[in-house]
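So the sequence lines, in the order shown, correspond to chains G and C.
Start counting the first sequence at 1; every next residue gets the next number (our numbering).
Start counting the second sequence at 1001; every next residue gets the next number (our numbering).
Built from N, CA and C at the ideal position, the CB exists for glycine as well.
Number of protein chains: 2
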Amino acid sequence: MRGTVLYAPRDIRVEERTKPTIQAPTDAIIRISAACVCGSDLWPYRGIEPIEGPTPMGHEYVGVVEEIGSDVRNIKVGDFVVGSFMASDNTCPICQAGYQSRCVHVEYVGAGGAQAEYLRVPLADGTLVATPGRPDEDLIPSLLAASDVLGTGWFGAVAAEAGSGKTVAVVGDGAVGLLAVLAARQLGAERIIAMRAKVKELTGGLGAHSVIEAAGPQESMMQAIRSTRPGGHVGYVGWAHGVELPGQELFYAEVHVLGGPAPVRRFLPELLGLIWNREIDPGRVFDLELPLDQAAEGYRAMDERRAIKSLLRP
Amino acid sequence: MRGTVLYAPRDIRVEERTKPTIQAPTDAIIRISAACVCGSDLWPYRGIEPIEGPTPMGHEYVGVVEEIGSDVRNIKVGDFVVGSFMASDNTCPICQAGYQSRCVHVEYVGAGGAQAEYLRVPLADGTLVATPGRPDEDLIPSLLAASDVLGTGWFGAVAAEAGSGKTVAVVGDGAVGLLAVLAARQLGAERIIAMRAKVKELTGGLGAHSVIEAAGPQESMMQAIRSTRPGGHVGYVGWAHGVELPGQELFYAEVHVLGGPAPVRRFLPELLGLIWNREIDPGRVFDLELPLDQAAEGYRAMDERRAIKSLLRP
């Protein structure tokens, strides 16, 4: 099969790879309908996150189930499915509490590389959610978004307790930030402030109730904390890189802080319903669509900020 | 009047000071029935927190209202009152959300020094809570505890979302930690683990639902974060001193974090009710009681760990 492999910084190739096979009875193999490039893929692409040898890339995917292991019960061959980038059993106490990205049996689905024709998904029953039927072609970008970028923006909004009557600020105007705005609106936020504005001024000196940090660097995290009112909530889903939080400032800020890898699986049933019923259209976040063989251009365009997010079709 | 003043590290004196007077129409003057020494008083006492000249000490107090300003409506002369160490108007949006320690008009009550015969309390209507009548003598230590150390342990337990069915761990075995245990029990926690135990082992590898950090140093904070299960809650009320939280570890820990100066005023009505009805007895935390004139021995005993917490009677 064809699949995307990173060899070295900015050396990304689409090449012939071994088609994945069932390795555990809880696995499924899916034929990828669409995959995409994540902001976090740019870390190794730019050489900021080192890689150990050639690395299959991609962890966001939708597709059709081609084969299942002998213990898979809920997912059937032929199902159109969306899954999280983290495999989860969806039954352990951590999953049951809604933190599937930290499942006691968690595995990184992207290890096999989703920017490819086929992908092995571990713990298929707990990880994948089937759509009610085969989706219309125009729904595929939105369903793909649910696999990570929408789920991550959504988690940011939920962690920040965005909701009715709340003023919500979003730090970061990348794909996650844009979908965090969508999420905050969907969750009923009264007012949403994009972070270029001076949040304290716009909130009578108090700060926002909810601030979603969707960028990652130190300055963004501190801006988020400083823009939140005492007792308010910061949801941070930017990949904290080299961040150190000063304990005393956090203490006196007196804000709730919750972040981490988004437990996308928690939100999938609800998000797929909203997309299926065309109540939200997160697929608009993809502003570049390419055949898989042109993955390198997809990375380059995001690296050079010519694209917000690239969708790849095998 | 007599009052406690810190002149230099370990040089604490009880001396004649000017009796406080009404300075704003929202002030009250109270005659102190009992005050005490806080763990945080030991920071300047030990010279770790510098002072600028002679500093009146103490911020925990109960007493009788002697005089009120012309705008005070809810508090009457003769009332027996308990107040937080932070004055709050109790009406601003931050107070209404339960974060009175970050009131937009917040003032530090301890500025005047509560280890004294009299104390000026700003924003008396929003800061002080009167008991239903003059308390029995044996209730005074518990009512005094509500002014800070109990309210702080309670906030830690609330911030950590200690509650029914939860496993709660407490880091720190000082007065705040002990009262956090009392709070967690009162809030219905199923199991409470004192932090000398290995929390992960005792919770099937998952970590506690709720962890209360009641100490302050870096190691305690990291121990608290590492002992909390993904999706669980850390409530930290130890005074974070020199703490730096590594962003990436916090990200992958995926725990809720909330701390800060306890909004004691939020809890006072409930706590006074529990004490008045003799449902809780937090006064047991005082293991040394001295006349005010022996305040120096109260500090020394805590500094040398001969006492957990010293109560002072003017």
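Which residues in chain C sit within 9 angstroms of residue i, going by Cβ to Cβ distance?
| i | result |
| --- | --- |
| Pro230 (chain G) | Ile1094, Ala1097, Tyr1099, Ser1101, Arg1102, Cys1103, Gly1260 and Pro1263 |
Taking residue i as the query, report the chain C residues whose CB atoms sit under 8 angstroms from its CB, ordered along the chain.
| i | result |
| --- | --- |
| Met221 (chain G) | Gly1247 |
| Glu60 (chain G) | Within chain C, no residue comes near Glu60 (chain G); the closest Cβ sits about 19 angstroms away, beyond 8 angstroms. |
Should residue i be flagged as near chain G, meaning a C-beta pair shorter than 8 angstroms?
| i | result |
| --- | --- |
| Leu1268 (chain C) | no |
| Val1243 (chain C) | yes |
| Val1257 (chain C) | yes |
| Glu1254 (chain C) | yes |
Run through chain G and tell me which residues come within less than 8 angstroms of residue i, C-beta to C-beta.
| i | result |
| --- | --- |
| Gln1240 (chain C) | Residue 1240 (chain C) is actually Ala in this sequence, not Gln. Those within 8 angstroms of Ala1240 (chain C) in chain G are Gly247, Gln248, Leu250 and Phe251. |
Could you please give me the residues that DSSP links to residue i through a beta bridge?
| i | result |
| --- | --- |
| Val1129 (chain C) | C:Val1082 |
| Ser1210 (chain C) | C:Val1168 and C:His1233 |
| Asp11 (chain G) | G:Ala8 |
| His256 (chain G) | G:His233 |
| Cys1036 (chain C) | C:Leu1311 |
| Lys1290 (chain C) | Note that residue 1290 (chain C) is Leu in the sequence shown, not Lys. Looking at the DSSP assignment, Leu1290 (chain C) forms a beta bridge with C:Leu1312. |
| Pro246 (chain G) | C:Glu1244 |
| Ile1192 (chain C) | C:Val1168 |
| Ala1183 (chain C) | In the DSSP output, where bridge partners are listed per residue, Ala1183 (chain C) has none listed. |
| Thr55 (chain G) | G:Leu6 |
Would residue i count as contacting chain C if we go by Cβ distances under 8 angstroms?
| i | result |
| --- | --- |
| Leu206 (chain G) | yes |
Mind reading off the beta-carbon distance from residue i to residue j? Whole number of angstroms is fine, and I expect it under 8 angstroms.
| i | j | result |
| --- | --- | --- |
| Ile1212 (chain C) | Val1171 (chain C) | 7 angstroms |
| Asp1041 (chain C) | Met1057 (chain C) | 6 angstroms |
| Ala111 (chain G) | Ile32 (chain G) | Not confirmed; about 15 angstroms, so no contact. |
| Gly1039 (chain C) | Arg1017 (chain C) | Contact doesn't hold; Cβ gap of about 24 angstroms is too wide. |
| Pro1282 (chain C) | Ser1142 (chain C) | 5 angstroms |
| Ile1225 (chain C) | Leu1250 (chain C) | 7 angstroms |
| Glu1254 (chain C) | Tyr99 (chain G) | 6 angstroms |
| Gly151 (chain G) | Ala307 (chain G) | Actually they do not touch by this definition, with Cβ atoms about 20 angstroms apart. |
| Ala1130 (chain C) | Asp1079 (chain C) | 4 angstroms |
| Ala1175 (chain C) | Val1168 (chain C) | Actually they do not touch by this definition, with Cβ atoms about 18 angstroms apart. |
| Leu1268 (chain C) | Val1082 (chain C) | 6 angstroms |
| Gly1231 (chain C) | Ile30 (chain G) | At roughly 28 angstroms, the Cβ-Cβ gap does not stay under 8 angstroms, so Gly1231 (chain C) and Ile30 (chain G) are not in contact. |
| Arg1229 (chain C) | Leu1206 (chain C) | 4 angstroms |
| Ile1012 (chain C) | Tyr1045 (chain C) | 7 angstroms |
Check the Cβ of residue i against every Cβ in chain C and list those closer than 7 angstroms, keeping chain order.
| i | result |
| --- | --- |
| Glu15 (chain G) | Those within 7 angstroms of Glu15 (chain G) in chain C number zero; the least Cβ separation is about 32 angstroms. |
Using 7 angstroms as the cut-off, classify the Cβ of residue i as near or not near the heavy atoms of the ligand HEM, replying yes or no.
| i | result |
| --- | --- |
| Val1062 (chain C) | Annotation note on the ligand HEM: not contained in the displayed structure, which lists no ligands. |
Problem - Under 9 angstroms (Cβ pairs) to chain G, residues found in the stretch 1089-1118 of chain C - result: Cys1092, Pro1093, Ile1094, Ala1097, Gly1098, Tyr1099, Ser1101, Arg1102, Cys1103 and Val1104
Exercise for the section: Would you list, in chain order, the members of the stretch 156-174 of chain G that have their beta-carbon closer than 9 angstroms to a beta-carbon of chain C? Expected result: So the close ones are Ala159.
Practice task
Note down, in chain order, all residues in the stretch 32-56 of chain G with a beta-carbon under 9 angstroms from any beta-carbon belonging to chain C.
Solution key: none
Exercise for the section: Using a Cβ-Cβ cut-off of less than 8 angstroms, give me the residues of the stretch 1174-1191 of chain C that come near chain G, in sequence order. Expected result: none
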